[in-house]
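So the sequence lines, in the order shown, correspond to chains A and B.
Be aware that the first sequence starts at 509, since it is given in our numbering, and climbs by one per residue.
Be aware that the second sequence starts at 626, since it is given in our numbering, and climbs by one per residue.
We put the CB at the ideal spot given by N, CA and C, even for glycine.
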Amino acid sequence: MEIKLKNVTKTFAQTNVIEDVSMSMRSGRVYGLQGINGCGKTMLMRLISGLIHPTSGQVCVDGKALVGENSFPESMGLLIENPAFLKSYSGRKNLEMLASIRGRIDGNGVQSALERVGLAENADKKYGKYSLGMRQKLGIACAVMERPDLILLDESFISLDEAAVERTVQIIREERERGALIILSCHDYDLLTGCSDEIYKMVAGRLAHRLVRDETGQFKEAAL
Amino acid sequence: MYKVIRYDLRYGVLEGWRKLLLAVGMGALVLVNCYIDFVSLSLYFTGELWSFRSLGVSLGDMIVLGLGGNFGRGELREFVFPTLWYLSVLFPCTMTLTLASDDLSSGGVQIMSRLRGRGRWWLSKCALGAALVVLYYAALYALLWLVCVLLGFRSSVVPNEAVFSTRLSAAFVASETTKAALFAALILQPILVTVALCLVEMSMTLFLKPIYALIAVAAYLAAGTLVLSPAFLGNFAMPLRSSAIGVYNFDFLSCLVICAALSAAAVLAGWWKIAKTDIL
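Right, dumping it as structure tokens:
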């Protein structure tokens, strides 16, 4: 999978929340987005996921622009901001219901995803009774359970305890090894550098810096 | 597409079953209204308060008296706002009002991304909205039918002539109508109109805040109680104004065609809008 953004600008009420962003991403790599609150990380993820349309420019996945009825990448798992599920159903049931839409995985696949995020013991509890951390884990399980080609995780470490953070980092590494393209945003710079192959620093809706990990494991400034 | 409609219908209906309590509440209001009507009729015909069983009333009478609407304004007729009928249509409109917006702020994004299509998501919401309306009316009519059976009333949709003409001070033309036509006028037309209105309202919530969509539909329905015109769909949903019971030409076929056209337009408008909408 290859994602290309070509001069993408998104404007809300005459304010550019994303301004002239061009970037290219490919499978088997983790891309980190860094920047202060309101710099446009989530908006950029929403543009890539097809949830919002660019005001100008194009988002292309494998050479095809995301437009019209097919405005979503073909194989995508996402957790953007807060996870949202049906409160009166268990975590397991929520995942099973969503998995049934595409039919790519069965109950075992759901169970496996729940185990990966460490939620198997609480899988049969109602989602409405979940703590913030458990909700976040379920959101991560939902994003990765169908082994999608593109995984978007926006602030996915929020509310997670130390062990859960470790587990999530491990999941990100496993998914990268599998060949998924992962886009991650996080305020914890150490965590971001620990997971990512490339980091884009955003300032006021623009890409300000691009850091690429070299052979020694160090991040070096690269051309945008 | 089929799978998501099945998903929405199974879980949307189960998740929203509490909304169907509105049908029970509406049924209770109709029953209280009928009780008052039947007691006064009993007094009028038999001189006793509690012998309304002997009047020979039917399910049709309950629907006509409770949910029949009104005959409209006339020179010789005092206008009375049909509150029960109005609420009976407005309740399902509130049930389906936020189906789309609620879903977009909860699991809808996950469904949409799995469907890879906003339009397909929208169609499944429309199917759910229509299903909820049908379930609402099914629950409402089932409750009225059950009360009819328990109290020993006739469970027919054919109204009692004496009850009708006495209570409504109007000519009884239903004697010249078939049972099928009465069933269509009393049961099907309100459902068709409400489904169409709910779809229009759901579509409007993609353009406006849901509360404005509800206000617009409520105002449109209220206007329909005053104006005898097919431009106001409420006329088709009032059994008293149907060609089967009343003297007006609000017939089933016209209702079917207009509601189908309006529903299709609402679905297409929603499809067009959701394709352009930013999901934040």
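Beta strand (DSSP E) segment containing residue i, residue limits
| i | result |
| --- | --- |
| K709/A | E706 to V711 |
| Q726/A | Looking at the DSSP string, Q726/A is not in any beta strand (DSSP E), and its letter there is neither H nor E. |
| Y638/A | Taken as a continuous stretch (DSSP letters only), Y638/A belongs to no beta strand (DSSP E), as it is neither H nor E. |
| Y627/B | Y627/B -> not in any beta strand (DSSP E); alpha helix (DSSP H) instead, spanning Y627 to Y632. |
| L555/A | First-last for L555/A: K549 to S557, but that is the alpha helix (DSSP H), not the beta strand (DSSP E). |
| L689/A | L689 to S693 |
Residues sharing a beta bridge with residue i, DSSP
| i | result |
| --- | --- |
| Q566/A | K514/A |
| T791/B | In DSSP, T791/B forms no bridge with anything. |
| N630/A | The partner list for N630/A (beta bridge, DSSP) is empty, contrary to what the question assumes. |
| S530/A | Answer is none; S530/A lacks a bridge partner. |
| T523/A | F520/A |
| I659/A | G585/A and I690/A |
| L715/A | M710/A |
| A730/A | R718/A |
| R779/B | S683/B |
Contact check, residue i vs residue j, beta carbons under 8 Å
| i | j | result |
| --- | --- | --- |
| V655/B | L709/B | yes |
| V618/A | L603/A | yes |
| C703/A | G548/A | no |
| L765/B | M863/B | no |
| L684/B | F778/B | yes |
| C568/A | K514/A | yes |
| M714/A | V529/A | Just to set this straight, residue 714/A is Arg in the shown sequence, not Met. Their beta carbons are under 8 Å apart, which means R714/A touches V529/A by this criterion. |
| V516/A | L574/A | no |
| C659/B | C823/B | no |
| I904/B | V734/B | yes |
| S781/B | Q814/B | no |
| V818/B | L858/B | yes |
| S598/A | K634/A | yes |
| L811/B | I899/B | no |
| F883/B | A799/B | The identity of residue 883/B in the sequence shown is Ile, whereas the question assumes Phe. No. |
| G647/A | L587/A | yes |
| L877/B | A821/B | According to the sequence shown, residue 877/B is Phe rather than Leu. Not a contact, by the Cβ cut-off of 8 Å. |
| L776/B | R678/B | yes |
| E683/A | I707/A | no |
| S667/B | W675/B | yes |
| I690/A | V538/A | yes |
| L807/B | V783/B | yes |
| S564/A | D657/A | no |
| T850/B | F706/B | yes |
| D669/A | G641/A | yes |
| L846/B | Y636/B | no |
Between the CA atoms of residue j and residue i - distance to the nearest angstrom
| i | j | result |
| --- | --- | --- |
| E589/A | E663/A | 6 Å |
| L622/A | R655/A | 13 Å |
| G694/B | S731/B | 38 Å |
| A885/B | F696/B | 25 Å |
| A649/A | A889/B | 38 Å |
| T723/B | T791/B | 42 Å |
| F480/A | S879/B | Given a span of 509 to 732 for chain A in the structure shown, any question on residue 480/A remains unanswerable. |
| M551/A | V758/B | 37 Å |
| L646/B | D632/A | 28 Å |
| G895/B | N785/B | 44 Å |
| E580/A | G558/A | According to the sequence shown, residue 580/A is Phe rather than Glu. Near 5 Å, if we compare the C-alpha coordinates of G558/A and F580/A. |
| R624/A | L740/B | 25 Å |
| G744/B | M533/A | 28 Å |
| T724/A | I680/A | 20 Å |
| L690/B | V638/B | 30 Å |
| I687/A | M584/A | For clarity, residue 687/A is Gly in the given sequence; the question names Ile instead. Whole-angstrom Cα-Cα distance: 13 Å. |
| A648/B | L661/A | 42 Å |
| E673/B | L768/B | 27 Å |
| M605/A | D633/B | 10 Å |
| I661/B | Y873/B | 28 Å |
| V825/B | V892/B | 8 Å |
| A805/B | F875/B | 15 Å |
For residue i, the first and last residue of its enclosing alpha helix (DSSP H)
| i | result |
| --- | --- |
| G615/A | G615 to V625 |
| Q814/B | Q814 to M829 |
| Y539/A | That residue, Y539/A, is in no alpha helix (DSSP H); its beta strand (DSSP E) goes V538 to Q542. |
| D903/B | Premise fails: D903/B is in no alpha helix (DSSP H) and is neither H nor E. |
| L668/B | L646 to T671 |
| D698/A | Y697 to C703 |
| I560/A | Here I560/A belongs to no alpha helix (DSSP H), and DSSP marks it neither H nor E. |
| L807/B | K804 to F808 |
Contained alpha helix (DSSP H) runs [length at least 4] in the stretch 675-711 of chain B, N- to C-terminal order: Listed in chain order, they are 684-692.
field: Runs of alpha helix (DSSP H) lying entirely within the stretch 719-769 of chain B, each at least 4 residues, in chain order
entry: As for any alpha helix (DSSP H) of minimum length 4 sitting wholly inside the stretch 719-769 of chain B, the runs are 724-729 and 733-740, ordered along the chain.
- request: Could you tell me which uninterrupted beta strand (DSSP E) segments, each at least 3 residues in length, are contained entirely in the stretch 564-610 of chain A, listed from first to last along the chain?
  value: If we require 3 residues or more, the beta strand (DSSP E) runs fully inside the stretch 564-610 of chain A come out as 564-569 and 584-587.
field: Runs of alpha helix (DSSP H) lying entirely within the stretch 843-900 of chain B, each at least 4 residues, in chain order
entry: Whole alpha helix (DSSP H) segments, 4+ residues: 859-862.
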